[in-house]
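These notes concern the structure reproduced below.
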Amino acid sequence: MLIDCHTHLQQHGEKPPMTRALIEEYVRAGEARGISTVCITEHLFRFEEAYKMLYGWWDEDPDKRLGGMVQQYWRDHVSGSVADYVRLVEDAKSAGLPVLLGIEMDWLHGKADILRSFLAPYDWDIVLGSVHYVGAWGIDDDLFMDQWEKRDVADAWAQYGALMKELAESGLADTLTHPDVVKKFGHRPASETPLHDLILAGAAVNGTAVELNSNGLRRCGEIFPALPLVERARALGLPITLGSDAHVPGLVGSHFDDLIDWAKRAGYEEAVTFVQREKQPYRLP
Numbered sequence: 079m080l081i082d083c084h085t086h087l088q089q090h091g092e093k094p095p096m097t098r099a100l101i102e103e104y105v106r107a108g109e110a111r112g113i114s115t116v117c118i119t120e121h122l123f124r125f126e127e128a129y130k131m132l133y134g135w136w137d138e139d140p141d142k143r144l145g146g147m148v149q150q151y152w153r154d155h156v157s158g159s160v161a162d163y164v165r166l167v168e169d170a171k172s173a174g175l176p177v178l179l180g181i182e183m184d185w186l187h188g189k190a191d192i193l194r195s196f197l198a199p200y201d202w203d204i205v206l207g208s209v210h211y212v213g214a215w216g217i218d219d220d221l222f223m224d225q226w227e228k229r230d231v232a233d234a235w236a237q238y239g240a241l242m243k244e245l246a247e248s249g250l251a252d253t254l255t256h257p258d259v260v261k262k263f264g265h266r267p268a269s270e271t272p273l274h275d276l277i278l279a280g281a282a283v284n285g286t287a288v289e290l291n292s293n294g295l296r297r298c299g300e301i302f303p304a305l306p307l308v309e310r311a312r313a314l315g316l317p318i319t320l321g322s323d324a325h326v327p328g329l330v331g332s333h334f335d336d337l338i339d340w341a342k343r344a345g346y347e348e349a350v351t352f353v354q355r356e357k358q359p360y361r362l363p
């Protein structure tokens, strides 16, 4: 039994229709890699309801150029209604497909109440929590790479870590997704321990799970997150989830052997998934 807790039906910059046939492709691709259940966890910014409810959050950054870039990105990536998405995945579940209903929720400073209102009407199985923005700076987006040359790296990591801590403390997410994605482009401070301290302090408040994400191997040659963070999570008794961060069917379950090895090196024998927001542990093979 293996569960991929992090998949997307659309690639960045593309809007293929979200259909039952596409979900079936993800399930078949996962089964070929030994994945028994696929969590469909589309990005928050794909949904017109989120765009309307959160509209203008980018204007709080004093850099209006960055704010304009984010507004354009969010506008370009809206591809449908969250109500339709939920109905699609729930119908697939009802038809017997081994899928769970999820979402990847961007944490936006000061917007917890709006995010809570957005999530509330739907019966999610799993909510992933991620930080992609420090202000209006997309810290893991190629479009914003020039910012790394303009900013102090240690300070950028500290700001990112503070947001991860807020996210975990909010209780809105079940698992912290790619927790050290800030390392993606190779800009790293002398010590990564302060970031780990912030993430773990936040996660300990609600027992939030920490995701092991194989997309790091594709993006920067390292699993997200670093092994010392996983080891410390284990010492604190925090659960872990496994995710491919697949945006196409062929990546479902990708590099799960590496994720399992990473988990076991840190002392884990179990991972979890979530069903109706409740932890469901399973033994790692």
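According to our numbering, the stretch in the sequence shown is residues 79 to 363, in order. Glycine included, C-beta positions come from ideal geometry on N, C-alpha and C.
Residue nearest to ALA341 within the set LEU221, ALA214, ALA313 is ALA313 (criterion: CA-CA distance). Boundaries of the beta strand (DSSP E) harbouring GLY321: 318–321, taken from the DSSP string.
In the structure shown, ALA173 adopts coil according to DSSP, grouped into three states. When secondary structure is reduced to three states using DSSP, TYR211 falls in the strand class.
Going by beta carbons, HIS187 and LEU241 fall inside the 9 angstroms limit.
Non-local beta-carbon contacts of LEU122 in its own chain, meaning distances under 7 angstroms to residues more than five positions away in sequence, involve ALA128, ILE181, GLU182, MET183, ASP184 in chain order. DSSP places GLN149 within a helical segment (H, G or I) once states are collapsed to three.
The C-beta of VAL148 has 16 or more other C-beta atoms within 10 Å across all chains shown, which makes the residue buried. Taken through DSSP and simplified to helix, strand or coil, ARG266 comes out as coil.
Beyond the five residues adjoining it in sequence on each side, ARG355 comes within less than 8 angstroms, by CB distance, of TRP202, ASP203, ILE204, VAL205, ASP252 in the same chain, given in chain order. 9 angstroms or more divides the Cβ of PRO303 from the Cβ of PRO267. When only Cα atoms are considered, ARG143 and GLY331 end up about 38 angstroms apart.
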